[in-house]
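Residues 1 to 214 in UniProt numbering are what the sequence shown spells out, letter by letter.
The C-beta atom is built at its ideal place from N, Cα and C for all residues, glycine as well.
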Amino acid sequence: MHPPEAEGVIKFTLSYIASDAGVDCPDFDALNHSRSLLWQWGVVGQDDQRYGGLGYGNVSVRTVERESTGAFVITGTQTGHLPALTAQHYAQVLAYDVQRHWLQAVGTRKPSSEAMTHAAIYQCLPTAHAIIHGHHPQLWQQAQALGLTCTATDIPYGTPQMAQAMQTLLRDTPPPRNTIVMLGHEDGFITWGENLAEAVALVRQLLQDAAQIQ
Numbered sequence: 001m002h003p004p005e006a007e008g009v010i011k012f013t014l015s016y017i018a019s020d021a022g023v024d025c026p027d028f029d030a031l032n033h034s035r036s037l038l039w040q041w042g043v044v045g046q047d048d049q050r051y052g053g054l055g056y057g058n059v060s061v062r063t064v065e066r067e068s069t070g071a072f073v074i075t076g077t078q079t080g081h082l083p084a085l086t087a088q089h090y091a092q093v094l095a096y097d098v099q100r101h102w103l104q105a106v107g108t109r110k111p112s113s114e115a116m117t118h119a120a121i122y123q124c125l126p127t128a129h130a131i132i133h134g135h136h137p138q139l140w141q142q143a144q145a146l147g148l149t150c151t152a153t154d155i156p157y158g159t160p161q162m163a164q165a166m167q168t169l170l171r172d173t174p175p176p177r178n179t180i181v182m183l184g185h186e187d188g189f190i191t192w193g194e195n196l197a198e199a200v201a202l203v204r205q206l207l208q209d210a211a212q213i214q
């Protein structure tokens, strides 16, 4: 299992431009509202007793005006402890190269350490416009009972291996319920949808289903 003390560490090559201009995202209000719901559900957050006390979980949305380049807006690194965010807590991903494990972003904060995993999914799935990476112990532990696709236990988060594993799984049979559980990333899972509402609804249903398993 991946050491909890390494949670939140950016592991890809990041070309970052610091800016106070905020993010360019037509769906920002919906994005921020969705993130607030996820925080209330405990899918995104911070817990002193888990993951070395660092923040966990993130959400992104593909930006419509830049769709042809695959750019997206994602929560900034280590914002999990905040119950409510502003535009200053997000980063705009301008470009990425999954094969080179390189990503370019601009914003007040650097992008989440899982940004490359989001990029890998967006690259493979043109219809995906929203991605949620969350942590939930019960869902993670019940992945097999829920029939969910999983990455191997020896693949840690944010690595080239994780991005490659995601793309391999997506090129094969489509994962059921648009969800992949990260067995090498304690309590971690990732879900996507054609829009934010769909992705959030999928997470809510997964949590309900996991809670019903004895």
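Distance, Cα to Cα, residue i vs residue j?
i	j	result
Gln123	Ala211	32 angstroms
Leu206	Gln88	30 angstroms
His81	Pro111	15 angstroms
Val43	Asp20	28 angstroms
Gly76	Thr173	31 angstroms
Ser34	Ile190	15 angstroms
Thr108	Thr79	12 angstroms
Arg50	Tyr96	30 angstroms
So, with DSSP's three-state summary, where would you put residue i?
i	result
Phe28	helix
Pro176	helix
Val73	strand
Trp41	coil
Ala201	helix
Thr168	helix
residue 252	Outside the shown range of the chain (1 to 214) lies residue 252, about which nothing can therefore be said.
His33	helix
Taking the alpha carbon of residue i as the point to measure from, which residue in the options has its own alpha carbon closest?
i	options	result
Leu37	Ser19, Pro26, Gly57, Thr151	Gly57
residue 215	Arg50, Met166, Ile74	Residue 215 cannot be examined here, being either before or after the span of the chain that is shown, 1 to 214.
Ala145	Gln40, Ile10, Gln104, Val181	Val181
Thr117	Arg35, Asp47, Pro137, Leu103	Leu103
Span of the beta strand (DSSP E) holding residue i?
i	result
Arg62	58-62
Tyr157	That residue, Tyr157, is in no beta strand (DSSP E); it is neither H nor E in DSSP.
Leu139	No beta strand (DSSP E) holds Leu139; the alpha helix (DSSP H) holding it covers 137-141.
Ala91	90-97
Ala18	13-18
Thr151	149-151
Could you tell me which residues DSSP pairs with residue i in its beta bridges?
i	result
Pro111	Gly76
His133	Asn58, Ile190
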